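Residue numbers 0 to 595, in numbering that gives the first Met the number 0, belong to the letters of the sequence shown in order.
By construction, the Cβ of each residue, glycine as well, lies at the ideal position given by its N, Cα and C atoms.
Remember, it's a predicted structure, so these values are computed and weren't measured experimentally.
Here the structure is laid out as structure tokens; the discussion comes afterwards.
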Amino acid sequence: METTSATDMLLSEGVILLGAAVAFVMLFRRFGLGAVLGYLVAGALVGPQGMGLVGGGQSKLAIAEIGIVLLLFLVGLELHPARLWRLKRDIFALGLAQVVTCGCVLTAIIFYSTGFSWGAAIALGLPLALSSTAQVLPSLKSSGRINSPFGEKVFSILLFQDLSIVPLITIIAALSRNPADAGGPPGWVLAGYTVAAIAGLVLVGRFILRPLLALVGRLGERELFVAVGLFTVLAAAELMHTLHLSTALGAFVAGVMLADSPYRHEIEADVEPFRSILLGLFFLAVGMVLDLRAVIANPLFVLSMAAILVATKAAIITGLARLFGMSWQQALGAGLLLSQGGEFGFVLFAQAQGALLIAPQAASLFSAIVTFSMATTPFLMLFARRFEFARSKDRDDLPGPEDAPRGSAIIVGYGRFGQTVAQMLMGHGFGVVLIDKKPAQIEVSSRFDMKVYYGDGTRIDLLRRSGADEARLIAFCIDDPALDARALEPIAEAFPQAALMVRAFDRRQVLALQGIELAGVVREVYESAICMGVQAMETLGVPSTEIEEVERQYRENDRQRMALQIEHGTLLAAKDLMYRPGNSMRLLSRGDGEEA
Numbered sequence: 000m001e002t003t004s005a006t007d008m009l010l011s012e013g014v015i016l017l018g019a020a021v022a023f024v025m026l027f028r029r030f031g032l033g034a035v036l037g038y039l040v041a042g043a044l045v046g047p048q049g050m051g052l053v054g055g056g057q058s059k060l061a062i063a064e065i066g067i068v069l070l071l072f073l074v075g076l077e078l079h080p081a082r083l084w085r086l087k088r089d090i091f092a093l094g095l096a097q098v099v100t101c102g103c104v105l106t107a108i109i110f111y112s113t114g115f116s117w118g119a120a121i122a123l124g125l126p127l128a129l130s131s132t133a134q135v136l137p138s139l140k141s142s143g144r145i146n147s148p149f150g151e152k153v154f155s156i157l158l159f160q161d162l163s164i165v166p167l168i169t170i171i172a173a174l175s176r177n178p179a180d181a182g183g184p185p186g187w188v189l190a191g192y193t194v195a196a197i198a199g200l201v202l203v204g205r206f207i208l209r210p211l212l213a214l215v216g217r218l219g220e221r222e223l224f225v226a227v228g229l230f231t232v233l234a235a236a237e238l239m240h241t242l243h244l245s246t247a248l249g250a251f252v253a254g255v256m257l258a259d260s261p262y263r264h265e266i267e268a269d270v271e272p273f274r275s276i277l278l279g280l281f282f283l284a285v286g287m288v289l290d291l292r293a294v295i296a297n298p299l300f301v302l303s304m305a306a307i308l309v310a311t312k313a314a315i316i317t318g319l320a321r322l323f324g325m326s327w328q329q330a331l332g333a334g335l336l337l338s339q340g341g342e343f344g345f346v347l348f349a350q351a352q353g354a355l356l357i358a359p360q361a362a363s364l365f366s367a368i369v370t371f372s373m374a375t376t377p378f379l380m381l382f383a384r385r386f387e388f389a390r391s392k393d394r395d396d397l398p399g400p401e402d403a404p405r406g407s408a409i410i411v412g413y414g415r416f417g418q419t420v421a422q423m424l425m426g427h428g429f430g431v432v433l434i435d436k437k438p439a440q441i442e443v444s445s446r447f448d449m450k451v452y453y454g455d456g457t458r459i460d461l462l463r464r465s466g467a468d469e470a471r472l473i474a475f476c477i478d479d480p481a482l483d484a485r486a487l488e489p490i491a492e493a494f495p496q497a498a499l500m501v502r503a504f505d506r507r508q509v510l511a512l513q514g515i516e517l518a519g520v521v522r523e524v525y526e527s528a529i530c531m532g533v534q535a536m537e538t539l540g541v542p543s544t545e546i547e548e549v550e551r552q553y554r555e556n557d558r559q560r561m562a563l564q565i566e567h568g569t570l571l572a573a574k575d576l577m578y579r580p581g582n583s584m585r586l587l588s589r590g591d592g593e594e595a
């Protein structure tokens, strides 16, 4: 009976939450206000403080924090270790300056304006220095600036904020007034745990996880990739949680250690749907736990503190960005983008409450302040984008071709056919992303220092992860006679800016590809067979002029045959254009000397 009741509650609450989320996200998207604000409003409306249709906001928030963990894992997948090293100045100098400066200023504002103790002010002010990775990163990606100098500086600040969760937790633990926390590990022990855990994760990824992925790739089971990807994230997060460290940091390290793996795009495409759902649930839960009564009781305080938070962070970040070489337009854009409070603030406020540094009412008030600051982000982004796209005067930070994760072309299939196409494009200097679903081919290519990513290149989600939104060409060089117009039509609709080219197995596949606009279709053995035919005639002593004429007429006959076969939809069309024994070029010649 209890199981049935739990199932009924899960189904009913799931329907209400998803229904409200779909309705409000569509509405807010329609007016350009962003999905996050839609989730927050939906959660507040159906939650216990609103209409009371759904309860248990805190429990749902705890589960939904896995969405933050998955987000940091996907962020790690975007960072090759070499690129991470290149950004070290922005991460550890600009990022550190932002967290420390904003944290200290906000702490002072809280202390002198509220009458809280220094311990409470620190426990509230430092978390407010963090921004919302879940809001800012999608904006950078959608604007196509995640890999630009502007995007990299903003991303570096966000990354350091996520890394700073560990010392912030340590500071709150050190200030704790709760006797139960006295048995916890001291800060220097947590720092040692952090270094040891990161080293352990790197070793596990190198010597266990990568061979495991190679084995899963040989088996060809997509479900196993989903399972391995989720296991990797959750295991890394659980390790950090056990050591009283940031679960998000563990997920980030797990992502970084797979960033240069050939299986990166496949894992990213498989994990992304879970991240999207759980992150949406996270913001729904944030709206649900928002104490509307506390807000109604102190509306002026909440709104004024939210405004002060946004203004203070925007001003400080703008100034710091200018000091680190950004133009004032882009510095202001960065300040506006990062001016809100972040999702990790809710986690740190809960810890501060457990440490008896702040009362539950204060935790609710400042959670509301963070929520209202996040609600301003969609509006501020409208202004930030104007400054974000301003041209930077500092051109020295532009990434070189070796650092660009996106290419002008995507080659699907890196076998004997795809290798030639890719080599010619790379020979001209084009950036090329290579995809293949044969682990053996990927392993062989790696011996020649060629990075080939694992995955099914006909999947739209994997193509998008590989940069198809920015690619100018997608060439399907796979040996797959089943690839037809029906399979390619969704890809053409998803990436209209990219020209599509297809390697066809035979004439039947060429016919099956009709009905979709392609930049080129090449039968895989056509040119090589003609080449051998020419060599055969040379071996038999045929004069070069006659060889050239035979080749010219064969190509013309073949072109006419193909056109008629496409027109009539059958291979039997234009049979008279085929050569047969005794039916040579001379017999097909017209009497007036014009070739048939």
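Cβ neighbour criterion (16 or more within 10 Å) applied to residue i
i      : result
Pro298 : exposed
Pro480 : exposed
Ala198 : exposed
Gly597 : As shown, the chain starts at 0 and ends at 595. That puts residue 597 outside it, with no answer to give.
Tyr262 : buried
Gln160 : buried
Arg274 : buried
Thr6   : exposed
Ala421 : buried
Glu210 : The sequence given here places Pro at residue 210; Glu does not occur at that position. It counts as exposed.
Cys476 : buried
Tyr413 : buried
Thr569 : exposed
Ile121 : buried
Pro624 : An answer regarding residue 624 cannot be provided, because it is not within the stretch 0 to 595 covered by the chain.
Residue of the options minimising C-alpha distance to residue i
i      : options                        : result
Glu566 : Val309, Gly514, Tyr578         : Gly514
Leu129 : Ile168, Val270, Ser116         : Ile168
Phe382 : Ser275, Asp575, Gly55, Ser338  : Ser338
Ala320 : Leu86, Ala503, Lys312, Ala330  : Ala330
Leu44  : Val255, Leu482, Ile62, Ile15   : Ile15
Val285 : Ser543, Leu364, Leu76, Gly568  : Leu364
Leu95  : Ser155, Arg485, His240         : Ser155
Cys101 : Ile307, Gly568, Leu355, Glu492 : Ile307
Gly279 : Phe23, Ser445, Ile459          : Phe23
Tyr452 : Met239, His240, Ala258         : Ala258
Met287 : Met325, Gly37, Thr538          : Gly37
Pairwise C-alpha distance: residue j and residue i
i      : j      : result
Leu73  : His264 : 10 angstroms
Val215 : Leu200 : 20 angstroms
Ser366 : Gly191 : 31 angstroms
Gln352 : Ala358 : 6 angstroms
Gly318 : Leu302 : 24 angstroms
Ala595 : Ala562 : At Ala595, the pLDDT of 32 sits below 50, so the modelled position is not reliable; the number obtained from the coordinates is stated separately. Rounded to the nearest angstrom, the two C-alpha atoms are 16 angstroms apart.
Gln328 : Ala296 : 39 angstroms
Phe27  : Val35  : 9 angstroms
Arg560 : Leu510 : 12 angstroms
Leu93  : Ala247 : 21 angstroms
Leu576 : Ser407 : 40 angstroms
Leu517 : Glu523 : 16 angstroms
Leu69  : Arg463 : 18 angstroms
Ala497 : Ala474 : 10 angstroms
Glu545 : Gly519 : 30 angstroms
Val232 : Gly249 : 8 angstroms
Pro404 : Gly204 : Low local confidence applies: a pLDDT of 42 at Pro404 is under 50, so the model's placement there is unreliable, with the coordinate-based value given in what follows. Whole-angstrom Cα-Cα distance: 21 angstroms.
Leu78  : Val541 : 60 angstroms
Ala268 : Ala236 : 20 angstroms
Pro166 : Ala173 : 10 angstroms
Leu242 : Phe504 : 56 angstroms
Distance between beta carbons of residue j and residue i, contact taken as under 8 angstroms
i      : j      : result
Met449 : Leu472 : With 8 angstroms as the limit, Met449 and Leu472 do not qualify as a contact, their Cβ atoms being about 19 angstroms apart.
Leu212 : Ser260 : 7 angstroms
Thr113 : Gly341 : Not a contact, Cβ separation roughly 21 angstroms.
Ala41  : Ala20  : 5 angstroms
Gly454 : Ile441 : That pair is no contact at about 10 angstroms.
Ala467 : Phe494 : 5 angstroms
Met536 : Val521 : In fact, because the Cβ distance is near 23 angstroms, the residues do not count as touching under 8 angstroms.
Leu136 : Gly254 : Going by Cβ atoms, the distance from Leu136 to Gly254 rounds to 13 angstroms, so no, they are not a contact pair.
Gly13  : Leu277 : Incorrect: roughly 13 angstroms between the Cβ atoms, too far for contact.
Task: Secondary structure, alpha helix (DSSP H): runs of 4+ residues fully inside the stretch 0 to 69 - done: If we require 4 residues or more, the alpha helix (DSSP H) runs fully inside the stretch 0 to 69 come out as 1 to 29, 34 to 45.
TODO: Report the residue ranges of all alpha helix (DSSP H) runs contained in full by the stretch 82 to 158; include only those spanning at least 4 residues, in chain order.
DONE: 94 to 113, 117 to 127, 132 to 141
TODO: Go through the stretch 479 to 518 residue by residue and report every complete run of the beta strand (DSSP E) that reaches 3 residues or more, in order.
DONE: 498 to 503
Open item on the list: Ignoring anything shorter than 4 residues, give me the alpha helix (DSSP H) runs that lie fully in the stretch 258 to 342, in order along the chain.
Closed with: 263 to 288, 291 to 296, 298 to 322, 327 to 336
Open item on the list: As an exercise, report each continuous beta strand (DSSP E) stretch of at least 3 residues that is fully enclosed by the stretch 417 to 480, in chain order.
Closed with: 431 to 435, 472 to 475
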